[in-house]
Amino acid sequence: MTGAVTDKGMRAALPKPHSVWAFVILALYLAFLAFLLLYPILVPWSPPKESPPIIEKPQWRIAIVTEDPVFAELINSTIKAKELAVIPSARAEESASFDLAIIGWDVLPVISANPELVKRLLNSTRLIAVAEPGQDALTLLFSGLVEPVKIGEKKPTKDPIAFLPLVEKDGYLVPGCECSVILLEARQAPGGKLILGYREATLTRKNRLPWAIAAVLGTP
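In my numbering, the protein residues as written are 17 to 236.
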């Protein structure tokens with residue numbers, strides 16, 4: 017009959033096996049290309065997390081003058097020392113017997129209001145002053161110790177510091193580093209005044225404190 021389909025005709029109508037595999041491979045290849053093109057859009061790239069630095073000071077006794085547990089924990093997780101002692105501001109004078117005193121952002125205004133204490137710390141130990149992000153640590157620390165000088169005015173100052181970095185503020189020159197973290201190491205000059213060596217770092221956010229401390233203390 018003319019309407020009958022023979023086995024030979026059916027075999028001719030079916031696709032050959034190698035054609036099917038070629039189609040599957042092409043489809044997979046096109047899907048892979050689409051994945052490569054769309055992956056950056058669907059899954060935005062993010063940089064790997066930066067591990068906080070660790071500072072090794074195995075011979076040092078370090079005082080952390082603060083009443084802020086977050087500040088104390090950030091320092092504790094950053095520095096490995098012979099001793100790390102957290103001291104409240106009311107007992108800040110005890111930090112003079114340590115190899116390093118770190119003044120926290122919460123108590124820096126309190127410590128700076130006692131110029132005799134600031135002077136004693138500078139004469140006795142290394143000192144790191146930490147201000148809130150955006151504030152000047154040196155300006156705050158010396159606000160009670162160093163008298164501002166009006167620009168253009170020539171008059172002898174009675175402050176105990178021989179050389180200081182200065183910044184302009186409201187028509188006066190005041191101690192300043194334009195930094196939130198500063199390490200100070202003082203030595204006595206022949207005339208009796210203190211000469212300060214210092215290293216500074218910028219603090220953009222509080223959780224960046226470990227990196228700022230590493231910048232002023234130096235990484236291993």
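Every residue gets a Cβ at the ideal spot worked out from N, C-alpha and C, and that includes glycine.
For the options V134, E169 and E184, the alpha carbon positioned closest to that of D152 is the one of E184. In the three-state reduction of the DSSP assignment, R77 falls in the strand class. Excluding its 5 nearest sequence neighbours in each direction, Y188 has C-beta neighbours in its own chain below 7 Å: P164, V165, K166 and I167, listed in chain order. A direct Cα-Cα distance of roughly 50 Å separates V86 from A47. L143 places its beta carbon less than 8 Å from that of A117.
DSSP places I95 in the strand class (E or B) of the three-state scheme. Within the DSSP bridge table, the entry for L199 names I144 and R215 as partners. Residue environment analysis places L44 among the exposed positions, since fewer than 16 neighbouring C-beta atoms fall within 10 angstroms of its C-beta.
Here L90 is near L225, since their CB atoms are less than 8 Å apart.
Residue pairing for P191: DSSP places it in a beta bridge opposite L182. Taking every protein chain shown into account, the CB of P191 has 16 or more other CB atoms within 10 angstroms, so this residue is buried. For A231, there is no enclosing beta strand (DSSP E); the enclosing alpha helix (DSSP H) has its first and last residue at L225 to L233.
Rounded to the nearest angstrom, the gap between the Cα atoms of A79 and L49 is 59 Å. A check of alpha carbon separations from P149 across L138, E132, W121 and T155 identifies W121 as the nearest. Take the alpha-carbon of R203 and the one of N139: they are about 7 Å apart. Of all alpha-carbon atoms in I95, L200, D186 and I229, the one lying nearest the alpha-carbon of K135 is that of L200.
Judged by DSSP secondary structure, I118 falls within the beta strand (DSSP E) whose first and last residues are L116 to I119. Looking at the backbone, the Cα of T218 and that of D84 are separated by about 20 Å. Residues of the same chain with a CB within less than 6 Å of the CB of L233, apart from the 5 flanking positions on each side, are I71 in chain order.
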